Structures are given as structure tokens and as C-alpha cells.
């Protein structure tokens, strides 16, 4: 996904969340807007597209198809363990 599309997804998520929070003070809104943007980015990244998987499949020794499956599993686990995927407070 082009970065402009990812930015648009994050901006849309932030705008939708802002509409719900409009009466709150800004100090309470910004963290929630950031959370909405991070959630939109994470949701997009958790579903690697063909170009993302294709970028690593040639590196896998078990062949392209298995390499694609491996890359998909590894990618999801890496993101889940990252700051984006972390669900703790």
C-alpha cells in the first residue's frame, strides 16, 4: 500500500474518533487520536500485501510458496510483539 493511502487511512480513523471526542479537553483527545491512527496502521500492516510478501519470499530456502507462508506468520508475530501490537496500558 502506498504511504499516501496509509496516511489517509490513519487520518480517517483519527477524524472518526475526533468526532466522538469533540467535547473533551485536547489533553484527553490527542492520545485517543494517536491510538486510532496506530490502530489503522496496525490493521493495514497485519495484512501484508503481495509486494510485501514477495520482497522476502526469495530469501526463504523452502521455496516461494512456503516462504510466503513463513513470511506472513513471522510478520504477524513481529508486529504483535512490537509497540504497535502491544496491548498493555
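Numbering (the numbering used here), first residue to last: 1177 to 1265. We put the beta carbon where it would ideally sit given N, CA and C, even for glycine. This structure is a prediction, so every number in the text was calculated from the model and none was measured.
- Residue state for residue 1252 is assigned as helix, using DSSP reduced to three classes.
- Using a Cβ distance threshold of 9 Å, residue 1185 and residue 1231 do not count as a contacting pair.
- In this chain, the alpha helix (DSSP H) harbouring residue 1208 covers 1202 to 1221.
- Its chain contains no residue whose beta carbon lies nearer than 8 Å to that of residue 1226 once the 5 sequence neighbours on both sides are disregarded.
- Within its own chain, the residues whose Cβ lies closer than 8 Å to the Cβ of residue 1260, once the five positions on either side in sequence are excluded, are 1214, 1217, 1218 and 1221, listed in chain order.
- Counting the other Cβ atoms within 10 Å of the Cβ of residue 1202 gives fewer than 16, which makes it exposed.
- Annotation: the continuous alpha helix (DSSP H) that includes residue 1179 extends over 1179 to 1197.
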